[in-house]
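Enquirer:
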Amino acid sequence: MGCGVSTAVQPAKKKPSCGECLDTDNFSLHQRRLVLRTWRHLAEDIPGHGSMVFLKVFEMEPAVKEIFPCRGVPDERLPFDPNFKGHASRFMQAVGAVMDNIEDPEKTLNEILISMGRQHRYYKGFKMTYFEAFVGGMVYTWERVLGERFSGDTRNAWIVVFNFIKCNMVKGYRMEMSRKVV
1 MGCGVSTAVQ
11 PAKKKPSCGE
21 CLDTDNFSLH
31 QRRLVLRTWR
41 HLAEDIPGHG
51 SMVFLKVFEM
61 EPAVKEIFPC
71 RGVPDERLPF
81 DPNFKGHASR
91 FMQAVGAVMD
101 NIEDPEKTLN
111 EILISMGRQH
121 RYYKGFKMTY
131 FEAFVGGMVY
141 TWERVLGERF
151 SGDTRNAWIV
161 VFNFIKCNMV
171 KGYRMEMSRK
181 VV
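According to our numbering, the stretch in the sequence shown is residues 1 to 182, in order.
(1) Mind listing, in chain order, the continuous alpha helix (DSSP H) runs of no fewer than 4 residues lying wholly within the stretch 25-78?
(2) Could you work out which residue in 69, 102, 103, 106 is closest to residue 88 when comparing CA atoms only?
(3) Residues in its own chain within less than 8 Å of residue 53 by CB, not counting five upstream and five downstream?
(4) Taking Cβ positions, are residue 145 and residue 42 nearer each other than 9 Å?
(5) Would the stretch 27-37 count as touching the stretch 150-169 if we require 3 or more Cβ pairs under 8 Å?
(6) Given this structure, state the Cα-to-Cα distance separating residue 109 from residue 101, to the nearest angstrom.
(7) Leaving out the 5 sequence neighbours to the left and right, which residues in its chain are closer than 7 Å to residue 27 when beta-carbon positions are compared?
(8) For residue 60, which residues in the same chain have their Cβ closer than 8 Å to its Cβ, ignoring the five residues on either side in sequence?
(9) Whose CA, out of 47, 96, 105, lies closest to the CA of residue 167?
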């Protein structure tokens, strides 16, 4: 990889379908330990780190901010806005719930994350593509907070977790979009 052109063709890794958001057989004990070890650092400031995620999301996808009650608040004031801080904290608490259940995430978390995805269907202006912006916001925040600890195997393990969260939320969003309105 790197900056040069690679001549070797790597087989494409199959992305999990939304029916199989996390292949727990391939999410190793080592990966679980890596995310748990680094989560401790992220959990030290739930509101601050959640705010960092959301500020990055608003930068990447400015239309996302319009969905929130804080839409009229200048960006520099957002970290002090109670609605913004509350939502940012709840977001990080959801990531914390994934960490609390990392030993068997599919058993406990699928329904919770799918339900959260369903709720997003009713946020006026929300688009399913915004879920990807949150993955980007998490990657950005984890890089800033964890520094060199967020590299290699640790980064790869977190990407699996981010995709698990996104995949289940997309699944819920799609389920709700496909419901017939009576």
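Glycine included, every Cβ here is placed at the ideal spot set by N, Cα and C. Note that the structure is predicted; figures quoted are calculated from it, not measured.
Expert: To lay it out plainly:
(1) 29-42, 46-60, 62-65
(2) 69
(3) Around residue 53: 88, 91, 92, 134, 137, 138, 140, 141.
(4) yes
(5) yes
(6) 7 Å
(7) 160
(8) 133, 136, 137
(9) 105
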